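**Student:** Just remember that mature numbering (1 follows the signal peptide of the UniProt record, and there is no 0) sits 49 ahead of the position in the sequence shown, which is counted from 1.
Backbone N, C-alpha and C define an ideal beta-carbon position, used for all residues, glycine too.
Note that the structure is predicted; figures quoted are calculated from it, not measured.
Sharing a structure here in structure tokens format.
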Amino acid sequence: KLTLNASDRKAVREEGDNEEEGHFSHFDKLPLSQRTQLGLERGNYKKLTPIQADALPLALTGHDVLGAAKTGSGKTLSFIVPLLERLHLERWDAESGIGAIVLSPTRELALQIFKVLQLVGYKHQFSAALLTGGRDVEEEKKRLHLISILVGTPGRILHHLRDVSTLSTDNLQMLVLDEADRLLDMGFRESVTAILEFLPTSRQTLLFSATQTTDVQMLAQMSLNDPRYVATHSLS
Ligand code: ADP
Ligand code: MG
50 KLTLNASDRK AVREEGDNEE EGHFSHFDKL PLSQRTQLGL ERGNYKKLTP IQADALPLAL
110 TGHDVLGAAK TGSGKTLSFI VPLLERLHLE RWDAESGIGA IVLSPTRELA LQIFKVLQLV
170 GYKHQFSAAL LTGGRDVEEE KKRLHLISIL VGTPGRILHH LRDVSTLSTD NLQMLVLDEA
230 DRLLDMGFRE SVTAILEFLP TSRQTLLFSA TQTTDVQMLA QMSLNDPRYV ATHSLS
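So this is what it looks like as structure tokens:
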């Protein structure tokens, strides 16, 4: 019987796609919609980073994921791709309400996420709104009609969830907590907790954090359901 030693196995992990083991090294081997594949091509993303290789198969099969990986390791695509796929599979449209919410600790990080969403999601029909503290809240409110994806900071998103009676999260498919450690450092614990109360428990939740603190563990316990743990190092 053929068995692989450790270095062979490493070579397989680095060079090959072993779909039976749920390991994919290239995006074009992942079972994704044509629309998402075109978006990844447009971004010139070819090989998965380690966190993407570990997190994507789990997130794409519907698991809650707790991902620990340093800045620069590629966490954004680890949640943008499953988010797009989930809404695509659910045939989400403008009438379906809010399908996904991505929480980010700062305006700048939220904008970065929004840009990746626009880039990789350009072939999808979903509309997304960037909700951060930098804009006029009434202007934001006007744009929320028929929106499917919210990306923003917890304070602003909570404001709209409370304020806009037309925002329906009853059918929400996915919640992403990005940079969970920083969300907590920046004092968003109460806002995040309040947001969770608006959301159905049937959702999928992905939580990413550079560090694993006891606060992050507590937030994970509050928000995740039977999570899979993924921890990898940065590319550099
Ligand atoms: P993190 O959120 O973990 O800090 P990002 O998702 O912001 O990391 O990604 C860091 C950088 O790496 C970005 O410039 C992004 O475009 C790039 N990147 C992410 N995934 C890949 C990939 N699979 N191939 C090439 N570049 C990638
Ligand atoms: Mg990030």
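Identify the continuous beta strand (DSSP E) that holds V279 and give its terminal residues.
**Tutor:** Here residue 279 is taken as the residue at index 230 of the sequence shown, counted from 1. 277 to 280 is the span of the beta strand (DSSP E), which, as asked, contains V279.
**Student:** Can you give me the Cβ contacts of I198 inside the same chain, cut-off strictly under 8 Å, excluding the 5 residues immediately before and after it?
**Tutor:** Counting from one through the sequence shown, the residue named residue 198 turns up at place 149. The answer, listed in chain order, is L132, L136, I147, G148, A149, I150, V151, L166, F175, S176, A177, A178.
**Student:** Decide if Q222 is buried, meaning its Cβ has at least 16 other Cβ atoms within 10 Å, or exposed.
**Tutor:** For the purposes of this step, residue 222 is taken as residue 173 along the sequence shown, with counting starting at 1. Buried is the call here.
**Student:** So, are the CB atoms of L273 and L115 less than 8 Å apart?
**Tutor:** To locate residue 273, count along the sequence shown from 1; it is residue 224. To locate residue 115, count along the sequence shown from 1; it is residue 66. Yes, the pair counts as a contact, with Cβ atoms nearer than the cut-off.
**Student:** Near R91, which residues of its chain fall below 7 Å by C-beta distance, leaving aside the five closest residues on each side in sequence?
**Tutor:** On the sequence shown, residue 91 is found 42 positions in, with the first residue counted as 1. Sequence-distant Cβ neighbours of R91 in its own chain, meaning closer than 7 Å and more than five residues away, are L168, Y171.
**Student:** Thinking C-alpha only, which one of Q266, V265, T254, D264 is nearest L107?
**Tutor:** Translated into positions along the sequence shown, residue 107 becomes position 58. When each option's Cα is compared against that of L107, the closest is T254.
**Student:** Of the residues K190, T250, L210, V200, which one's Cα is nearest the Cα of D275?
**Tutor:** Indexing the sequence shown from 1 puts residue 275 at position 226. For D275, the nearest C-alpha among the options comes from T250.
**Student:** Tell me the residue span of the alpha helix (DSSP H) that contains L152.
**Tutor:** Here residue 152 corresponds to residue number 103 of the sequence shown, with the count starting at 1. Here L152 belongs to no alpha helix (DSSP H); instead the beta strand (DSSP E) covers 149 to 152.
**Student:** Restricting to Cα atoms, I'd like to know which of E139, A104, L160 is closest to G123.
**Tutor:** Residue 123 sits at position 74 when you count from the first residue of the sequence shown. Ranking the options by Cα distance to G123, first place goes to A104.
**Student:** Could you tell me the boundaries of the beta strand (DSSP E) in which V114 lies?
**Tutor:** What you label residue 114 is simply residue 65 of the sequence shown in a count that begins at 1. Element bounds for V114: 114 to 117.
**Student:** Look at the alpha carbon of F73 and the alpha carbon of L97, and state the distance between them as a whole number of angstroms.
**Tutor:** Walking along the sequence shown from the start, residue 73 turns up at place 24. Walking along the sequence shown from the start, residue 97 turns up at place 48. So the alpha carbons of these two residues sit roughly 8 Å apart.
**Student:** I need the boundaries of the beta strand (DSSP E) containing T254, first residue and last residue.
**Tutor:** As a position in the sequence shown, residue 254 is number 205, starting the count at 1. That run of the beta strand (DSSP E) goes 253 to 258.
**Student:** Where does H194 land, buried or exposed, given buried means 16+ other C-beta within 10 angstroms?
**Tutor:** The residue you call residue 194 lines up with position 145 of the sequence shown. By the 10 Å Cβ count, H194 comes out exposed.
**Student:** The ligand MG and E157: does the residue's C-beta get closer than 7 Å to at least one heavy atom of that ligand?
**Tutor:** Against the sequence shown, residue 157 aligns to sequence position 108. Relative to the non-hydrogen atoms of the ligand MG, the Cβ of E157 never comes closer than 7 Å to any of them.
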